[in-house]
Amino acid sequence: MNRQLLWMLAAMLVCCVGTKAQERSHKRTFMEKVVAFLDSSNVRNTDPAYIGLPQRPWRIIASSGTDQMNMKLDVHDETEATQYQAKRTLDYSVRVRPPVATSIGLWAGYRGWGLGYSLSVTGNKGINMALNISTPSNGVNIRVRRFDFSKPERQLNVYENNELFYSGYQEEELGKPMKVESFVFDGYWIFNKKRFSLAAAYDQSTRQLRSAGSLIAGAMFYYQKLDYASKYNMSMINLTGNTGKIKLYQGSIGLGYTYNWVPAPKWVINGVCMPVVMLLNTGKIFKYKMVVPPGVSVIDVDDPWAISQLVHTDDVTFGGRIGFNIDLRMSVSYWYRRWFFCLIGQAHSFNATFSNSKLRMNEWDIKASIGLLL
């Protein structure tokens with residue numbers, strides 16, 4: 020009996036040791052864990068009848084992008100009538116409309132994760148970067164733009180006693196280029212992540228197999244700076260109420276809807292429409308004037324303009340009312356064996372009112388890409 024008991028204990032010990040050795044042999048390495056996470060992150064807790072994962076994980080994507088920004092500043096100024104002067108109204112508009120910019124890029128990575136680079140081939144010199152991230156439950160889009168611009172369009176209408184006295188339009192060459200900067204962040208949260216995939220429409224890391232839609236919540240932050248503070252741009256500074264620089268901040272939240280339509284196998288057409296409410300709408304304008312340095316007489320110099328200086332005189336902070344806006348985005352994609360093709364378009368619009376001025380900015384971009392699964 021004791022001998023049988025000893026044999027049973029020995030057998031159990033051998034089984035335990037063998038099990039532990041087998042567990043150690045099947046213990047995944049760090050890289051295997053990373054790969055498993057990347058493979059499952061886009062389809063975790065999703066319905067396989069609606070969302071699929073491409074069998075080949077590696078991909079190379081070549082793309083071409085086209086974008087443009089259109090910004091307009093309107094200034095309205097009135098002077099009351101006196102005994103010697105009629106009532107005068109001045110409506111001044113300046114529009115910054117740079118040429119359409121085109122870029123080409125290359126991206127490589129595993130699933131939806133990787134690195135890419137874009138090169139501007141036409142349009143504006145400067146910085147124009149975009150980052151887009153899509154997962155089953157959320158998406159993030161970031162755009163940074165910075166460039167110089169020297170040929171704004173100017174429209175000036177002068178009224179005396181409500182009758183048009185002067186009207187003029189010109190494309191002016193600034194003495195010193197203005198600096199234009201903008202930063203846009205918008206993020207989405209998808210409610211129906213079980214059957215709807217934003218990644219299937221915008222980075223093709225998943226496949227939308229059947230049509231589905233979802234409510235979508237989002238937040239957006241926007242920053243804009245327009246700086247033309249130079250003594251060589253004094254005519255424009257005077258016409259905009261001694262303003263030489265403007266900074267604008269806007270923050271919004273919204274609720275909308277997005278839909279992936281699969282009209283036929285391998286096709287996905289997506290649309291995003293999200294109305295937003297602007298809860299943060301504020302900014303600052305910077306005032307300037309021309310002065311001659313103390314102790315210097317303009318009579319004693321050949322070029323008074325050369326010794327004159329532009330001096331910052333005041334900052335005016337303003338806050339706008341709660342407003343409404345809309346965020347629009349659309350994409351069309353098609354799969355053919357190991358290849359996929361995608362066309363993406365989006366548009367943003369921002370508006371602000373301060374003092375006697377209005378600032379309106381519209382921007383759009385279109386991106387076409389072709390990818391190969393490896």
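Here the numbering used here runs 19 ahead of the position in the sequence shown, where the first position is 1.
Backbone N, C-alpha and C fix where the C-beta goes; we use that ideal spot for every residue, glycine too.
Notebook entry, point to check: So, Q227 versus C361, is the Cβ gap smaller than 8 Å?
Noted result: As a first step, residue 227 must be located in the sequence shown, where it is residue number 208. As a first step, residue 361 must be located in the sequence shown, where it is residue number 342. Taking 8 Å as the Cβ cut-off, Q227 and C361 do not qualify as a contacting pair.
Next item on the list: Identify, in the order they occur along the chain, each residue of the same chain with its Cβ nearer than 6 Å to the Cβ of S254, setting aside the five sequence neighbours on each side.
Entry: Taking the first residue of the sequence shown as 1, we reach residue 254 at position 235. When the five nearest sequence neighbours on each side are left out, no beta carbon in the same chain lies closer than 6 Å to the beta carbon of S254.
Notebook entry, point to check: So what's I79 in DSSP terms, helix, strand or just coil?
Noted result: As a first step, residue 79 is located in the sequence shown; it is residue number 60 there, counting from the start. Shown here, I79 sits in a strand according to DSSP, grouped into three states.
Item checked: C-beta atoms of G263 and Y247 nearer than 8 Å -> Translated into the one-based positions of the sequence shown, residue 263 becomes position 244. Translated into the one-based positions of the sequence shown, residue 247 becomes position 228. In contact: G263 and Y247 (Cβ atoms closer than 8 Å).
Margin query: Assuming I345 is part of the beta strand (DSSP E), what are its boundary residues?
Written below: Locating residue 345 in the sequence shown gives position 326, where the first residue counts as 1. Per DSSP, the unbroken beta strand (DSSP E) holding I345 starts and ends at 342 to 355.
Next item on the list: Flag this pair as yes or no: are the beta carbons of V94 and N375 separated by less than 8 Å?
Entry: Counting from 1 along the sequence shown, the entry for residue 94 is found at position 75. Counting from 1 along the sequence shown, the entry for residue 375 is found at position 356. Closer than 8 Å, so yes.
Notebook entry, point to check: What does P294 pair with, by DSSP beta-bridge criteria?
Noted result: Taking the first residue of the sequence shown as 1, we reach residue 294 at position 275. According to DSSP, P294 bridges with I345.
Item checked: For Q328, the residue or residues it bridges with in DSSP -> Counting from 1 along the sequence shown, the entry for residue 328 is found at position 309. Looking at the DSSP assignment, Q328 forms a beta bridge with V310.
Next item on the list: Leaving aside the five residues before and after T259 along the sequence, list all residues of the same chain whose C-beta is less than 6 Å from its C-beta, in chain order.
Entry: Locating residue 259 in the sequence shown gives position 240, where the first residue counts as 1. Answer for T259: V94, listed in chain order.
Item checked: Buried versus exposed, by CB contacts within 10 Å (16 or more), H367 -> Taking the sequence shown and counting its residues from 1, one reaches residue 367 at position 348. In summary, H367 is buried, with 16 or more beta-carbon neighbours lying within 10 Å of its beta-carbon over all protein chains present.
Checklist line | Residues of its chain near T336, where Cβ-Cβ distance is below 6 Å and the 5 sequence neighbours each way are ignored | finding: Taking the sequence shown and counting its residues from 1, the one referred to as residue 336 is at position 317. These residues qualify, in order along the chain: K303.
Next item on the list: Could you tell me which of K212, I256, Y207, G187 sits nearest to F240, measuring between CA atoms?
Entry: Counting from 1 along the sequence shown, the entry for residue 240 is found at position 221. When each option's Cα is compared against that of F240, the closest is Y207.
Checklist line | Cα-Cα separation between N176 and L378, rounded to whole angstroms | finding: As a working mapping, residue 176 is identified with position 157 in the sequence shown. As a working mapping, residue 378 is identified with position 359 in the sequence shown. So the two alpha carbons sit approximately 18 Å from each other.
Item checked: Heavy atom of the ligand NAD within 7 Å of T154 beta-carbon -> In the structure shown, the ligand NAD is absent, as is every other ligand, since no ligand is present at all.
Notebook entry, point to check: Which of the three DSSP states, helix, strand or coil, is assigned to S254?
Noted result: Indexing the sequence shown from 1 puts residue 254 at position 235. Here S254 sits in helix by DSSP.
Margin query: Quick check on DSSP: helix, strand or coil for K285?
Written below: Locating residue 285 in the sequence shown gives position 266, where the first residue counts as 1. In the structure shown, K285 sits in coil (DSSP, three-state: anything other than H, G, I, E or B).
Note to self: My output table needs one value for A218: the three-state DSSP class, helix, strand or coil.
What the structure shows: Stepping through the sequence shown from its first residue, residue 218 is reached at position 199. Under the three-state reduction of DSSP, A218 is assigned to helix.
Notebook entry, point to check: Under the rule that 16 or more other beta-carbon atoms within 10 Å means buried, what is V159, buried or exposed?
Noted result: The residue given as residue 159 occupies position 140 in the sequence shown. Taking all protein chains in view, the Cβ of V159 is surrounded by fewer than 16 other Cβ atoms within 10 Å, so the residue is classified as exposed.
Note to self: Which residue marks the beginning of the beta strand (DSSP E) containing V203, and which one marks its end?
What the structure shows: Reading the sequence shown from its first residue, position 184 is the one you call residue 203. Segment 197 to 209, the beta strand (DSSP E) holding V203.
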